[in-house]
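S.K.: Numbering (this note's numbering), first residue to last: 2 to 169. Each residue gets a CB set at the ideal place from its N, CA and C atoms; glycine is no exception. Since we're looking at a predicted model, the values are computed, not measured.
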């Protein structure tokens, strides 16, 4: 089973019926897998904060949502996370590609990586960092936690988790 199928299976087994995504090369396999599954309504978003709004609507409409996005847009989501998702106690699993760490080939990605974990910590959002593919074994428990506690959670998946930057 591929890592993309494993992640999507965990989403489905936790009752997630609505997923919004913002394009990302590292997450492309998961996005493709989500798009194939009839159990999930997949709605692509133009921006991450827009996607969070869609997730809020899905939650209010009785569906369990998730968002798949890059960490480089965490900054634009702060207001939406604080004043919508957290204020109304909405559970929101955020599967986030964590760009900008060691061996990152794109310099502008580094700056947001420096701030990602601190911003999530400032918002008191539980954050899990997947560095190795075996870390996906925790995804089921993380998803259960977010829906039990009605909190957003961030699952950061770095380039090593996805197999590097194509040069490894």
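With a 10 Å radius around its C-beta and 16 neighbouring C-beta atoms as the bar for buried, classify residue 71 as buried or exposed.
M.R.: The residue in question, residue 71, is buried, as its Cβ has 16 or more Cβ neighbours within 10 Å.
S.K.: Taking all protein chains shown into account, do 16 or more other C-beta atoms lie within 10 angstroms of the C-beta of residue 33, making it buried, or fewer, making it exposed?
M.R.: Residue 33 is exposed by the Cβ-count criterion.
S.K.: In the structure shown, what three-state DSSP assignment does residue 138 receive?
M.R.: helix
S.K.: Which value, in whole angstroms, describes the spacing of the CA atoms of residue 2 and residue 37?
M.R.: 15 Å
S.K.: Please return the same chain residues whose Cβ sits closer than 7 Å to the Cβ of residue 42, not counting the five positions on each side in sequence.
M.R.: Excluding residues within five positions, the ones whose Cβ falls inside 7 Å are 18 and 19.
S.K.: Using 9 Å as the threshold, is the C-beta distance between residue 96 and residue 153 below it?
M.R.: no
S.K.: Pick from 9, 91 and 132: whose alpha carbon is nearest that of residue 59?
M.R.: 91
S.K.: Decide if the segment 157-166 is in contact with the segment 123-132; the criterion is three or more beta carbon pairs, one per stretch, under 8 Å apart.
M.R.: yes
S.K.: At which residue ranges does the segment 83-137 contain complete beta strand (DSSP E) runs of 3 or more residues, listed in the order of the chain?
M.R.: With a minimum length of 3 residues, the unbroken runs of beta strand (DSSP E) contained wholly in the segment 83-137 fall at 93-99 and 128-131.
S.K.: According to DSSP, simplified to helix, strand and coil, what is residue 40?
M.R.: Look at residue 40 here: in three-state DSSP terms it is coil, with no helix or strand label.
S.K.: With 16 as the cutoff for other CB atoms within 10 Å, does residue 61 come out buried or exposed?
M.R.: exposed
S.K.: Are the CB atoms of residue 140 and residue 82 within a distance shorter than 9 Å?
M.R.: no
S.K.: Rounding to the nearest angstrom, what Cα-Cα distance links residue 79 and residue 119 in this structure?
M.R.: 12 Å
S.K.: Label residue 175 either buried or exposed according to how many other C-beta atoms from any shown protein chain fall within 10 Å of its C-beta, with 16 as the threshold for buried.
M.R.: In the structure as shown, the chain begins at 2 and stops at 169. Residue 175 is therefore absent and cannot be evaluated.
S.K.: Ordered along the chain, which non-local residues of its own chain (more than five positions away) have a Cβ less than 6 Å from that of residue 45?
M.R.: Cβ contact annotation for residue 45 (same chain, cutoff 6 Å, sequence separation greater than five): 22, in chain order.
S.K.: Less than 9 Å between the beta carbons of residue 1 and residue 12, yes or no?
M.R.: The requested residue 1 is not part of the displayed model; the chain covers only 2 to 169.
S.K.: Mapping the DSSP letters down to three states, classify residue 12 as helix, strand or coil.
M.R.: helix
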